[in-house]
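Novice: Handing you a structure now.
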């Protein structure tokens, strides 16, 4: 089974599920409230390398809808240099090459390095590729593994880390750039997205398919109310979801719908009012959000009965609803959001103000394993885990069984 | 008392108020459901004039924060021609002139005329100005009256017509332009706003002061959640409101918060979740919206107790809350929105699916008269009217009286 670490700057994804057993857990684990230091990551990849104009901050993004392309991104600091990537299936032997582009931006006195993006497309599924960036003595080799063919029973492991070093101040800055109609600065300079492949008009919302999962990324800070471009795009994207090909339907966004931390409480209410009914109707399996610097998981609940006229109110248990998981705990200089609301609301299943990361191991079309691992001063401690049943296959199986039973 | 007709394309404003007497009225007036024909307007102003390159579609907008400037806009169709406006306080004698700018845009096969905007600033308050646009035999003279000095007891009459010939399809088009980062096409080409004067970063949200009123215009289709530019701007703009100078605080937006028509029901819920508490805290007098092609007025109610955790629910009577009036009844080729929800919700005071327009006559710092006039096949029929008490002056007077009574 392959794996893919997902940390698209501001948020990201995961999970699994047994039966609803109401009564939530507020973890008693207490961590000192220092802002995070860096999460230990592979130094070979993330350390600043030596040598003239050596490529640094090398990262990789799916480059198309279905996983047969990647975008390689890196930064050089001395001069623009080459944006070429050489690649092949044997280390040191590069029988393909692709030409990318570089750009830079400035913000007041800050001047970015030269940021390179290079698309490698027409790749084979399930294949290990070696690639080289940079030139001469400063060139560096890395590798990646392409995902398996889109297949309903493909097993696949995702890792999800949210809010990794982004602050909401920096988000305001992103927003500022966006509204100033200069959207390719900063954030978008550094994080390319394959938005055109999913017919999106903005790099801030898009979808990809990977193995047995269809993953939708939404933008909390762009307009999303009815008739806006994001709303129109999502309506169409849900029609493109084929649970027979990709049984797992996962949504990523920045601001959570269901979270009971005092910090940012109910900031997701605006988007919930618009999109929650689509999540329920389309049987989304799981919704991952960031923003709140703590971990929290909901039960399957929905609040789509709420109606300003009728008096119906508040989240109720709903088997068709997704699970909501806040994973804004990747580690961020703002520190943790330590104060949860008391009492713990009915919708909240588990919550803890620690740094950590999640994994979602899809086993087949019906089952996946979810784990949240607390990062306890460098030690990985499994803290919240369970089995997730697919919302489409398990529930339609249940429907068939029920129908048979009744007839 | 002066008057000012407000019809900024997609919506606009007004109202007055006696005591809450719950139990709403659904008017039994029935109008045939034909899409609207043009509301009769002054032909001298709105008819297409004769002559080579004659100025047409002449309209006027407040050009600054406090009412000492106007923007004159017009269209010429033969050639760009002059963007100059000559003006003065005597008809036919123009001792001032100002130079404007013209532009045009195209959309697929459509090509706009030459759209001119010219700012006339440094004007005197409460003064009638005559102005001339166009040149030679095709030039045309019009006049406008500047508002009185900003003064808490200035009387002033506003007219409000919403959704006058704009469709939500056209709004989608506007939105499309916005997100395509080409925001000066179409809508913004034609409707300039004095947004810089209120420190806004976008022409789609801004504020002006006029006589004894502070008027805030919000954008339903731009992002507005916490940390966005519109949110940050509104937070600051509320701080700039000085009810001792401008007792009347009026908000205009496109999508209503409280409306009980089946069409567009609860589409304003997203923005309500973000801004309603500010409206209550800042004692907004009245909120005008358009979008729904019918007339509706709420009681003073708020839903800020609603909390996804606590179970508190639904709008309750609230003396600190604004009145909400939907005036999306200006007349629009989409026709009327004739189906109201049954039963009429508690928050709805009066509703009727007719074309019409509203007037708000501010008398002094404490009282204003509100009228909604049905346009019954060209006849103006006063249908909903009442006295509005100022939310700042009357309520603080009440507080003082109460305090005195208690001590």
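Residue numbers (the UniProt record's numbering), protein chains in the order written: chain A, 1 to 407; chain B, 1 to 407. A virtual CB, placed ideally from N, CA and C, is assigned to each residue, including glycine.
Cα separation between residue 215/A and residue 207/A?
Specialist: Within the first chain, residue 215/A is the residue found at index 215, counting from 1. Within the first chain, residue 207/A is the residue found at index 207, counting from 1. One C-alpha to the other measures close to 6 angstroms.
Novice: Please work out which residues of its chain come closer than 8 angstroms, Cβ to Cβ, to residue 262/A, disregarding the five sequence neighbours upstream and downstream, and give them in chain order.
Specialist: Taking the first residue of the first chain as position 1, residue 262/A is located at position 262. Counting only Cβ-Cβ distances below 8 angstroms, and skipping sequence neighbours, we find 337, 339, 340, 341.
Novice: Is residue 408/A helix, strand or coil by DSSP?
Specialist: Only positions 1 to 407 of chain A appear in the structure, and residue 408/A is not among them; the question remains open.
Novice: I'd like the span of the beta strand (DSSP E) that includes residue 361/B, first residue to last.
Specialist: For the purposes of this step, residue 361/B is taken as residue 361 along the second chain, with counting starting at 1. Its beta strand (DSSP E) spans residues 356-362.
Novice: Taking three-plus beta-carbon pairs below 8 angstroms as touching, is the segment 112-121 of chain A in contact with the segment 153-160 of chain A?
Specialist: no
Novice: Can you tell which of 259/B, 355/B, 277/B has the C-alpha that lies nearest to the C-alpha of residue 234/B?
Specialist: Residue mapping note: residue 234/B aligns to position 234 of the second chain, counting from 1. Checking every option, the nearest Cα to that of residue 234/B belongs to 277/B.
Novice: State the start and end residues of the unbroken beta strand (DSSP E) segment that holds residue 294/B.
Specialist: Residue numbering aside, residue 294/B sits at position 294 when the second chain is read from its first letter. Looking at the DSSP string, residue 294/B is not in any beta strand (DSSP E), and its letter there is neither H nor E.
Novice: So that I know if they touch, is there some Cβ in chain A lying closer than 8 angstroms to that of residue 241/B?
Specialist: On the second chain, position 241 is the one that residue 241/B refers to. Residue 241/B does not count as touching chain A.
Novice: Give the interface partners of residue 266/B over in chain A, defined as CB-CB distance under 8 angstroms, in chain order.
Specialist: Your numbering for residue 266/B matches position 266 in the second chain. The answer, in chain order, is 273, 307, 308.
Novice: In angstroms with no decimal places, state the Cα-to-Cα distance between residue 254/A and residue 220/B.
Specialist: Position 254 of the first chain holds residue 254/A. Position 220 of the second chain holds residue 220/B. Approximately 21 angstroms between the Cα atoms of the pair.
Novice: Mind listing the chain B neighbours of residue 223/A? Cutoff is C-beta to C-beta under 7 angstroms, in chain order.
Specialist: The residue labelled residue 223/A in the question sits at position 223 within the first chain. Result: 221, 222, 223.
Novice: What do you get for residue 196/A, buried or exposed, if any count of 16 or more other CB atoms within 10 angstroms of its CB means buried?
Specialist: As a position in the first chain, residue 196/A is number 196, starting the count at 1. Flag for residue 196/A reads exposed.
Novice: For residue 326/B, tell me which candidate among 358/B, 279/B, 124/B, 239/B has the shortest Cα-Cα distance.
Specialist: The residue you call residue 326/B lines up with position 326 of the second chain. Answer by Cα proximity: 358/B.
Novice: Does chain A have any CB closer than 8 angstroms to the CB of residue 270/B?
Specialist: Position 270 of the second chain holds residue 270/B. It does; some Cβ of chain A falls within 8 angstroms.
Novice: What first and last residue would you give for the beta strand (DSSP E) that runs through residue 143/B?
Specialist: Position 143 of the second chain, counting from 1, holds the residue named residue 143/B. Element bounds for residue 143/B: 140-145.
Novice: Using the beta-carbon count (16 or more within 10 Å), is residue 348/B buried or exposed?
Specialist: For this step, residue 348/B is matched to residue 348 along the second chain. With 16 or more other Cβ atoms within 10 Å, it is buried.
Novice: Report the residues of the segment 225-237 of chain A with a CB closer than 7 angstroms to any CB of chain B, ordered along the chain.
Specialist: Going along the segment 225-237 of chain A in chain order, one finds 225, 226, 227, 228, 229 with a Cβ nearer than 7 angstroms to chain B.
Novice: Please look up how many angstroms separate the CB atoms of residue 241/A and residue 249/A, rounded, as I've assumed it's under 8 angstroms.
Specialist: Locating residue 241/A in the first chain gives position 241, where the first residue counts as 1. Locating residue 249/A in the first chain gives position 249, where the first residue counts as 1. Correct: roughly 6 angstroms between the Cβ atoms.
Novice: In its own chain, which residues sit with a C-beta less than 7 angstroms from the C-beta of residue 393/A, not counting the 5 before and 5 after it?
Specialist: Stepping through the first chain from its first residue, residue 393/A is reached at position 393. Same-chain partners within the cutoff: 247, 365, 366.
Novice: Just to check my reading of the structure: residue 273/B and residue 270/A have Cβ atoms closer than 8 angstroms, yes? What is that Cβ distance to the nearest angstrom?
Specialist: In the second chain, the residue the question calls residue 273/B occupies position 273. In the first chain, the residue the question calls residue 270/A occupies position 270. Right, the Cβ-Cβ distance comes to about 5 angstroms (below 8 angstroms), so this counts as a contact.
Novice: Please go through the same chain and pick out, in chain order, the residues whose beta-carbon is closer than 7 angstroms to the beta-carbon of residue 260/B, but skip the five residues on each side of it.
Specialist: To locate residue 260/B, count along the second chain from 1; it is residue 260. 296, 340, 341, 344, 345, 348, 351, listed in sequence order.
Novice: Given this structure, state the Cα-to-Cα distance separating residue 192/A from residue 386/A, to the nearest angstrom.
Specialist: As a working note, residue 192/A is residue 192 in the first chain. As a working note, residue 386/A is residue 386 in the first chain. When rounded, the distance between both Cα atoms is 33 angstroms.
Novice: Starting from the beta carbon of residue 303/A, find every residue of chain B whose beta carbon is closer than 9 angstroms, and list them in chain order.
Specialist: In the first chain, residue 303/A corresponds to position 303, counting from 1. Going along chain B in sequence order, the residues near residue 303/A (Cβ under 9 angstroms) are 308.
Novice: Within the chosen definition, does the segment 89-106 of chain A reach the segment 48-56 of chain A through at least 3 CB pairs nearer than 8 angstroms?
Specialist: The answer is no - the segment 48-56 of chain A does not touch the segment 89-106 of chain A, with fewer than three Cβ pairs under 8 angstroms.
Novice: CB-CB under 6 angstroms to residue 264/A, same chain, minus the five flanking residues each way: which ones, in chain order?
Specialist: One-based indexing of the first chain puts residue 264/A at position 264. Closer than 6 angstroms at the Cβ level, and outside the excluded window around residue 264/A, lie 291, 292.
Novice: Give the DSSP bridge partners of residue 388/B, in chain order.
Specialist: On the second chain, residue 388/B is found 388 positions in, with the first residue counted as 1. DSSP, once it has assigned bridges, lists 368/B as partnering residue 388/B.
Novice: Taking the Cβ atom as the reference point for each residue, do residue 138/A and residue 54/A lie within a distance shorter than 8 angstroms?
Specialist: Counting from one through the first chain, the residue named residue 138/A turns up at place 138. Counting from one through the first chain, the residue named residue 54/A turns up at place 54. Against a cut-off of 8 angstroms, the Cβ pair of residue 54/A and residue 138/A comes out as a contact.
Novice: Using a threshold of 8 angstroms, state whether the C-beta atoms of residue 314/B and residue 307/B are closer than that.
Specialist: Taking the first residue of the second chain as 1, we reach residue 314/B at position 314. Taking the first residue of the second chain as 1, we reach residue 307/B at position 307. Not closer than 8 angstroms, so no.
Novice: For residue 356/A, which option in 188/A, 257/A, 114/A, 328/A has the closest C-alpha, if you only look at C-alpha atoms?
Specialist: Position 356 of the first chain, counting from 1, holds the residue named residue 356/A. Of the residues 188/A, 257/A, 114/A, 328/A, the one whose Cα lies closest to the Cα of residue 356/A is 328/A.
Novice: Does residue 59/A come out as helix, strand or coil in the three-state DSSP assignment?
Specialist: Your numbering for residue 59/A matches position 59 in the first chain. Note: residue 59/A maps to strand in three-state DSSP.
Novice: What do you get for residue 132/A, buried or exposed, if any count of 16 or more other CB atoms within 10 angstroms of its CB means buried?
Specialist: Taking the first residue of the first chain as 1, we reach residue 132/A at position 132. With 16 or more Cβ atoms within 10 Å of its Cβ, residue 132/A is classed as buried.
Novice: Answer yes or no: do residue 125/B and residue 80/B have a C-beta to C-beta separation smaller than 8 angstroms?
Specialist: By one-based count along the second chain, residue 125/B stands at place 125. By one-based count along the second chain, residue 80/B stands at place 80. Going by C-beta atoms, residue 125/B is not nearer than 8 angstroms to residue 80/B.
Novice: Using DSSP bridges, identify the partner residues of residue 71/A.
Specialist: Sequence index remark: in the first chain, residue 71/A carries index 71 (1-based). According to DSSP, residue 71/A bridges with 61/A, 119/A.
Novice: Report the three-state DSSP secondary structure of residue 88/B (helix, strand or coil).
Specialist: Here the question's residue 88/B lines up with position 88 in the second chain. Residue 88/B: strand per DSSP, three-state reduction.
Novice: Where DSSP assigns a beta bridge to residue 265/B, which residues make up the other side?
Specialist: If you number the second chain from 1, residue 265/B lands on position 265. The partner list for residue 265/B (beta bridge, DSSP) is empty, contrary to what the question assumes.
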